[in-house]
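Numbering (my numbering), first residue to last: -17 to 461. All C-beta atoms, glycine included, are put in the ideal place defined by N, C-alpha and C. One structure is given below, encoded as structure tokens.
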Ligand code: SF4
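Here is the structure:
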């Protein structure tokens, strides 16, 4: 910030500006559609909310953002009416500000450290970031930069989720040839196949893919690397490096009796069949789900909230979230839980599923639970649910969804010699994203296990820089 700007800031006056909430769809209306909950700011309200930023020199929000976004710099530009300038500030560090503005848990990141938040509601950084990125898109989108001459090097990217898309962009901008291999029929990975439209409209994925096409990035779909083609075969085809951005897409099973009954779904299958049109799904998942009247979702994180809210939108009459601890130990965003409450989801805390009960034709009819009380903290730091003897009860269910977390699939380790896994079963890498195999890099959920979009983007930027160094060393070694 310049001295002139600094002298113009009247922090006391700024602190008196009331918080400007973003209008939302009414809960009764929004459960009838899949549109985003938030209707978005208008320009005047967004500028006013940006003016609540007191432009404090320490800017702890920047340090709290995994991408080091210059938040005060962008908000000052918005306040001055320079929306495109604000977008450029965000885009200089964030490959997907429209997505992060919608999906980051801001209360635990930038907004959690906002100085205004010590005396009032923090500045709505995420909503403003999304507004700025949306405005840029509405004004014609990002300019396509002049690309450097092609380096002649080619990189195969496994998975087109947030990490894969970000690595593709960074490498294409550096002149490398990039081809993305996606197992699903459409691009986006978890962004399309995991996150429902009421949290983020899928046009944001399409915008990013269009931009990458203009940078010369190629996409192939319905190809599962490790099964349809191995990593060694990709090198044989002439790729110089491989980036693993397949994510952590394998749902954890509950392993209680009756889990294979009809009407019991893992979260991903339920979400994609409920959320997406059949043409965006592989043949075996194209039949829409009929949830019946009562749906029970087991789990307490953001995916469980996505499932309960999707179940409401499929027309289920009663949707229950069953969680083995209390709301205080739930892992996901408070905002998502609030939206689920507003929409009419019922929460049963301190309930441990112990078996599924069959009705006619091997269809699930009920879930048998045991009540729990909280004991000592476990390795996660949260108090452990301890079963209460003699407290069993049943909840009737026509559909059950299991949403108790994800892990990295084993397939790539089984088909890639010398690719090492971490203790948690993810891809083992050094800090730059280099795996145990020369020329094979990884970042995001493939390395961390299921985590945030913003951390995947931050890791992906580091991995792209490491891949670029690797490719350039190859070039000089060959010279
Ligand atoms: Fe906040 Fe996420 Fe944007 Fe960073 S990327 S400023 S954490 S919303």
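Near ligand 1: residue i beta-carbon under 7 Å from a heavy atom
i           : result
residue 91  : yes
residue 390 : no
residue 35  : no
residue 88  : yes
residue 436 : yes
residue 48  : yes
residue 318 : no
residue 114 : no
residue 240 : no
residue 314 : no
residue 38  : no
residue 111 : yes
residue 83  : yes
residue 177 : no
residue 234 : no
residue 53  : yes
residue 108 : yes
residue 76  : yes
Residue i: first and last residue of the uninterrupted beta strand (DSSP E) it sits in
i           : result
residue 473 : With the chain covering -17 to 461 only, the question about residue 473 has no answer from this structure.
residue 246 : 246 to 248
residue 100 : Premise fails: residue 100 is in no beta strand (DSSP E) and is neither H nor E.
residue 149 : Note, residue 149: premise wrong, no beta strand (DSSP E); alpha helix (DSSP H) at 144 to 155.
residue 338 : 333 to 340
residue 329 : 328 to 330
residue 355 : 346 to 359
residue 200 : 200 to 202
residue 290 : That residue, residue 290, is in no beta strand (DSSP E); its alpha helix (DSSP H) goes 284 to 295.
residue 370 : From DSSP, residue 370 is part of no beta strand (DSSP E); its letter is neither H nor E.
residue 136 : 136 to 140
residue 409 : Segment: none, residue 409 is in no beta strand (DSSP E) and carries neither H nor E.
residue 238 : From DSSP, residue 238 is part of no beta strand (DSSP E); its letter is neither H nor E.
Closest residue to residue i among the options (Cα-Cα distance)
i           : options               : result
residue 95  : 80, 38, 362 and -6    : 38
residue 381 : 294, 225, 259 and 260 : 294
residue 291 : 47, 327, 50 and 368   : 327
residue 143 : 184, 122 and 106      : 184
residue 36  : 372, 102 and 114      : 102
residue 99  : 42, 140 and 75        : 42
residue 59  : 155, 70 and 123       : 70
residue 168 : 182, 202, 194 and 151 : 202
residue 371 : 346, 117 and 333      : 333
residue 175 : 262, 123, 189 and 134 : 262
residue 386 : -8, 426, 313 and 6    : 313
residue 16  : -3, 52, 177 and 160   : 177
residue 214 : -10, 9, 160 and 395   : 395
residue 163 : 220, 226, 181 and 110 : 226
residue 379 : 246, 406 and 260      : 246
residue 63  : 26, 84 and 72         : 26
residue 438 : 444, 446, 445 and 426 : 426
Within 8 Å, strictly: CB atoms of residue i and residue j
i           : j           : result
residue 397 : residue 212 : yes
residue 300 : residue 269 : no
residue 307 : residue 369 : no
residue 296 : residue 249 : no
residue 230 : residue 431 : yes
residue 418 : residue 400 : yes
residue 421 : residue 448 : no
residue 362 : residue 390 : no
residue 22  : residue 113 : yes
residue 136 : residue 222 : yes
residue 207 : residue 140 : yes
residue 46  : residue 92  : yes
residue 119 : residue 80  : yes
residue 77  : residue 148 : yes
residue 287 : residue 319 : yes
residue 377 : residue 349 : yes
residue 365 : residue 311 : yes
residue 384 : residue 281 : yes
residue 51  : residue 75  : yes
residue 199 : residue 172 : no
Start and end residues, alpha helix (DSSP H) containing residue i
i           : result
residue 108 : 107 to 120
residue -6  : -7 to -3
residue 226 : Here residue 226 belongs to no alpha helix (DSSP H); instead the beta strand (DSSP E) covers 223 to 226.
residue 217 : 213 to 218
residue 322 : 316 to 325
residue 84  : 79 to 85
residue 429 : 427 to 430
At 4 residues or longer, what runs of the alpha helix (DSSP H) sit wholly inside the segment 160 to 195?
172 to 175
Counting only runs that start and end within the segment 12 to 75, where is the alpha helix (DSSP H) found for 4 or more residues in a row?
25 to 33, 42 to 46, 53 to 61 and 65 to 73
Secondary structure, alpha helix (DSSP H): runs of 4+ residues fully inside the segment 372 to 401
393 to 397
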